[in-house]
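Read the structure below first, then the notes.
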Amino acid sequence: MLVLSRHKDETIMIGDNIEITVVDIKGDQVRLGIVAPRDVAVHRKEVYESIQAENISAARNKSVDLSKLGGMLQHKKKKDNSTPHP
Amino acid sequence: MKIKTTRFGEIDVEESKLFTFPEGILGFPDIHRYAILDGPDNSPFKWMQSVEEPSLAFVICDPNIFKPDYQVQVSPYDQGFVQLDKLSDGVVAVIMRIPEEHWKMTANLLGPLLFNPDKRIAKQIVLVDERYSTKYPVFPGGASQGTASAPANDNKEGKK
Numbered sequence: 496m497l498v499l500s501r502h503k504d505e506t507i508m509i510g511d512n513i514e515i516t517v518v519d520i521k522g523d524q525v526r527l528g529i530v531a532p533r534d535v536a537v538h539r540k541e542v543y544e545s546i547q548a549e550n551i552s553a554a555r556n557k558s559v560d561l562s563k564l565g566g567m568l569q570h571k572k573k574k575d576n577s578t579p580h581p
Numbered sequence: 006m007k008i009k010t011t012r013f014g015e016i017d018v019e020e021s022k023l024f025t026f027p028e029g030i031l032g033f034p035d036i037h038r039y040a041i042l043d044g045p046d047n048s049p050f051k052w053m054q055s056v057e058e059p060s061l062a063f064v065i066c067d068p069n070i071f072k073p074d075y076q077v078q079v080s081p082y083d084q085g086f087v088q089l090d091k092l093s094d095g096v097v098a099v100i101m102r103i104p105e106e107h108w109k110m111t112a113n114l115l116g117p118l119l120f121n122p123d124k125r126i127a128k129q130i131v132l133v134d135e136r137y138s139t140k141y142p143v144f145p146g147g148a149s150q151g152t153a154s155a156p157a158n159d160n161k162e163g164k165k
């Protein structure tokens, strides 16, 4: 891994069109500003990983009766409608 | 088109029900084609069955059925990726996790699926929205281990 030191308001460039600027530093938290082309997705890594992990566990359903699930939702809907919301 | 599945045996699927995910979905980048199989009795739940991998299938659902205020902010890039001229022509579904105890089912509201029914291209999009989590409990208290009194709060980070 390439490691660079940067001060506040300094920028690094990745290729010709991705810029990452250190916007603010507070304690152990760094705020970064990112300029990237529209087709480059920028995400927090933990969000990306949590969706990945969720997909993998969602794929483990063996056999599920969809009409049973539908029935559970309808039941919930009826219940929700009969309970006044605050 | 005939496809092989471990759950349903060999099934015949209309072309109109086949969707291509050019990037796959997260965790399954090499699986690109899925068939959408409707449930019985107009169930809002459907199967999303891999064409390439017989054992891979997800339960998906229209999120508005259980979360009417759910909103997906689609970036212009994602809209272009699935070749949607008008966002209103797109269809959003979410992947469900269905444990043995069905009432503990959760919905992945952070990584919804965006479909272009016309071009039959789809993409899992990653939301930047702290209101939503990957484990939204459909039934209040359903996701947490047996605490029936837990509120249906889908912001597990609890920020702000």
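Respectively, the protein sequence lines represent chains F and H.
Position 46 (the first sequence) corresponds to 541 in this note's numbering; numbering is contiguous.
Position 67 (the second sequence) corresponds to 72 in this note's numbering; numbering is contiguous.
We put the beta carbon where it would ideally sit given N, CA and C, even for glycine.
- Message: By the three-class DSSP mapping on this structure, what secondary structure does L115/H have?
- Response: Looking at L115/H - three-state DSSP - the assignment turns out to be coil, as it is neither helix nor strand.
- Query: If you follow the alpha helix (DSSP H) that F86/H is part of, which residue opens it and which one closes it?
  - Reply: Note, F86/H: alpha helix (DSSP H), 81-86.
- Task: Whole angstroms is fine: what's the gap from G14/H's alpha carbon to L118/H's?
- Result: Cα-Cα distance, rounded: 25 angstroms.
- Message: In whole angstroms, give me the CA-to-CA distance for K563/F and L499/F.
- Response: In this structure, the alpha-carbon of K563/F lies about 56 angstroms from that of L499/F.
- Euclidean distance between Cα positions of V64/H and M101/H: Cα to Cα, V64/H sits roughly 5 angstroms from M101/H.
- Query: Within the 8 angstroms Cβ cut-off, does A531/F reach chain H?
  - Reply: A531/F does not count as touching chain H.
- Query: Would you say N158/H reaches chain F, if we count a Cβ-Cβ gap shorter than 8 angstroms as a contact?
  - Reply: Residue placement at N158/H is flagged as unreliable, the pLDDT there being 46, under the threshold of 50; a coordinate-derived value is accordingly withheld.
- Message: At the level of alpha carbons, what is the spacing between H37/H and F86/H?
- Response: Cα-Cα distance, rounded: 14 angstroms.
- 8 angstroms contact criterion, which V525/F and D504/F should meet: CB distance rounded: The C-beta distance from V525/F to D504/F rounds to 12 angstroms, too long to meet the 8 angstroms contact threshold.
- Per-residue burial, K140/H [other beta carbons within 10 Å of its own, 16 or more giving buried]: Result: buried.
- So, helix, strand or coil for E3/H, using DSSP? No answer is possible for residue 3/H: it lies beyond the span of chain H, which begins at 6 and ends at 165.
- Message: According to DSSP, L23/H sits in a beta bridge with which residue or residues?
- Response: Its beta-bridge partners are A40/H.
- Message: Only counting the same chain, and skipping five residues up and downstream in sequence, which positions put a Cβ closer than 6 angstroms to that of L89/H?
- Response: The beta carbon of L89/H sits closer than 6 angstroms to those of G95, N121, all from its chain and outside the five residues before and after it, given in chain order.
- Query: For L527/F, which residues does DSSP report across the bridge?
  - Reply: In the DSSP assignment, the residues bridged to L527/F are V517/F.
- Item | Supposed contact pair F24/H and I41/H - C-beta distance, whole angstroms, cut 8 angstroms | Confirmed, Cβ separation roughly 6 angstroms.
- M496/F at chain H interface by Cβ criterion, 8 angstroms: Chain H contact via Cβ: absent.
- Could you give the C-beta distance for P49/H and I70/H, rounded to a whole number, given that I count them as a contact under 8 angstroms? Indeed they touch by this definition, with Cβ atoms about 4 angstroms apart.
- Going by alpha carbons, who is nearest to N512/F out of H570/F, D534/F, G566/F? Minimum Cα distance to N512/F is reached at D534/F.
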